Amino acid sequence: MESILTIKNLTKKFGYLTAVKDLSFTINKGNVYGLLGPNGSGKSTTLGVVLNVVNKTSGSFHWFNGNITTHNALKKVGAIIERPNFYPYMTGSQNLKLVCKIKGVNYNKIDEKLDVVGLLERKNSKFKTYSLGMKQRLAIASALLNDPEILILDEPTNGLDPQGIHQIREIIKQIAAKGTTILLASHLLDEVEKVCTHVVVLRKGVKLYSGRVDEMISSHGFFELKCKKHEELISFLKNNTSFGNIKTKGDLITAFLNEPLSSEDFNKLLFDKGIILTHLVQRKESLEEQFLQLTDHNK
Amino acid sequence: MLRLLDIEYYKLIHNKASRVLVLIYFILLSLISLFATIKFNIGPIKFHLAELGIFNFPYIWHFNTFVAAQLKFFLLLVIVSMVANEYSNKTIKQNLIDGLSKKEFILSKFYAVIALSLISTLFVFVVSLILGLIYSSYNELSIIFLDLEYLVAFFVKLLGFFSFGLFLGMLIKRSAFAVATMIVLFSVEFISYLVVSGYNKGTDLADTIYQFLPFKSMWNLIDEPGSRLSAVKEVAAQVGEDLSYDYAVHWYEIVIVLGWTALFVFLSYRLLKKRDL
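Protein chains in written order, with this note's numbering: chain V, -4 to 294; chain A, 4 to 280.
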């Protein structure tokens, strides 16, 4: 698989503090990556290093096949980190034109990208008159100008109101659907869960996990069940080796699986036993639950 | 190089404050010509500055570059703010992320410094040429193009001064503080020069040392032109003073200032390279 970014044993120290410790991972083309971690876990520092604004202490990284200087590689990357930074005295489209000049791309994409983020009507307003949500959307438009090989987003919904968060998410989903590689750093897990296929989990600068989201914790998910024959169902589940832990909350039964079992087969099995369900949901642990487990285990 | 210059020009031209300052600067430069119209008619004493010979070729090159150099402060504000604003807007970070290298960033600022210095020099050249052609008593081509080294000195002087501003802007990141620092540094150099020369009267010690310091070296490029005027000389001769001095532009003066320029640009680059943004 074609690699886009390779990080090897990267370490960054700020004085006594080690912000990133011996971090290695690879980003491959076509996947959507989440970079997860609580505040201060080294996400932004890692991105700062690969984006040429923070100096590494040791280790190495390279973009694409490694035959290209970092600043030239960045011309093929679209990135926004933390707050959107633009010239307040220029209009939205003037700011984008400047980005085109720096990246060396044609100006004809400006209107197209402004349309993607819904800012076309305000393109001639000065940047300083924009709301935070509009600033963030302009930043995304700017990151898309060169039709990047990879889009890097650091906390893109930070500080936005619910509508703003929703708009940004929709935009990210659209971009992901087109097959663009995305690296999304966030501490908002449902955000990552909705779009990412792969995750890298950091805590205090140390990598806890990197790989596919669904393999993050080897579990087969669980069933949420409701039924009139409550006691019978519970005793059935307890005697069935497919199930491990069983929790009841009111009339809702949560049964965790020990081995794979489809809801179809399970339903049929119960029906044959004369137990008729009124509620059947098969779920995997949410990323949030997995993430909390992972970070707790490693305390 | 053109790409970097284009980027920098684009940033400047859309900034109203910079536009106004540059405009004021060039208006003031052209106002040098107003010196020509200074006339006093107090009873029997008639005084017309243009007739004192200040617009005579080749003296006009010396006089105009000297006067024009005093206006460089306006452009300093533009230079310092164009650097410091990149920090306060954090656009320097975005520029680097967008694919400008740190070297290119410093170079684009330095190219802007060169361009502004060059345009100022050309402007002064044109204004002086026009004034000279109107008021000069000598209009032979060989005399007109004598002493053009003052324009070279003027260019180098601006280059050194603006590079200093560029470096302070990078170092301090805030326009107002960077300009204040420059004023403080100037005061320190000037006062210590007075002290050193005061303690060493009759020797050249102070000048020998201070010709290597930034402000004094820039000052030395274009010596004060007033004492060269024949009218002033006559008055001095009457009171028994000899004002003759060395007012030429020397190659080593240019080399010293170019040395400072290189150092300032290099230090700006080093600073940006080492810094985490």
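Idealized CB from N, CA, C, for every residue including glycine.
Being a predicted model, the structure only gives us computed values, none of them experimental.
For Tyr11 of chain V, no chain A residue has a C-beta closer than 8 Å to its own C-beta; the minimum C-beta separation is roughly 15 Å. Approximately 6 Å separates the beta-carbon atoms of Ser237 of chain V and Leu252 of chain V; this is inside 8 Å, confirming the contact.
Contacts between Gln131 of chain V and chain A, judged by CB atoms closer than 7 Å, are missing: the closest CB pair is about 13 Å apart. Residues of the segment 73 to 102 of chain A with a Cβ closer than 7 Å to any Cβ of chain V, in chain order: Asn92, Lys93, Thr94, Lys96, Gln97, Asn98, Leu99, Ile100, Asp101 and Gly102. Nearest CB-CB separation between Met85 of chain V and chain A: below the 8 Å threshold. For Lys176 of chain A, the secondary structure class from DSSP, reduced to helix, strand or coil, is coil. Interface with chain V (8 Å Cβ-Cβ cutoff): Asp9 of chain A is included. Taking a 10 Å sphere around the C-beta of Asp110 of chain V, we find fewer than 16 other C-beta atoms and assign the residue as exposed. According to the DSSP assignment, Val15 of chain V belongs to the beta strand (DSSP E) that extends over Leu12 to Asn23. Legend: CB atoms of the segment 93 to 105 of chain V lying less than 9 Å from CB atoms of chain A belong to residues Leu93, Val94, Lys96, Ile97, Lys98 and Gly99. DSSP, reduced to helix, strand and coil, places Lys160 of chain A within a helical segment of the structure shown.
With respect to chain A, the C-beta atom of Ile229 of chain V has no partner C-beta closer than 8 Å. Under a criterion of Cβ atoms nearer than 9 Å, no residue of chain V is adjacent to Tyr114 of chain A; the nearest Cβ is some 14 Å distant. Taking 8 Å as the threshold, the shortest C-beta distance from Ser104 of chain A to chain V falls below it. Counting other Cβ atoms within 10 Å of its Cβ, Met4 of chain A stays below 16 and is therefore classed as exposed.
Shortest Cα-Cα distance from Lys121 of chain V to any of V:Thr21, V:Gly87 and V:Gly99 involves V:Gly87. About 7 Å separates the Cβ atoms of Thr176 of chain V and Glu144 of chain V, confirming a contact at the 8 Å cut-off. Note on Asp260 of chain V: under 16 other CB atoms within 10 angstroms of its CB, so exposed under the neighbour-count rule. Within 10 angstroms of the beta-carbon of Thr211 of chain A lie fewer than 16 other beta-carbons, which makes it exposed. Leu183 of chain V sits in coil when the DSSP states are folded into three classes, being neither helix nor strand. Relative to the Cα of Leu26 of chain A, the nearest Cα in the group A:Asp249, A:Asn59, A:Gly172 and A:Ile122 belongs to A:Ile122. Closer than 8 Å at the C-beta level to chain A, one finds these residues of the segment 37 to 64 of chain V: Gly43, Leu46, Asn47, Val48, Val49, Asn50 and Thr64. Setting aside the 5 residues that flank it on each side, Phe66 of chain A is surrounded in the same chain by Ile57 and Pro228, each with a C-beta closer than 6 Å to its C-beta; the list follows chain order.
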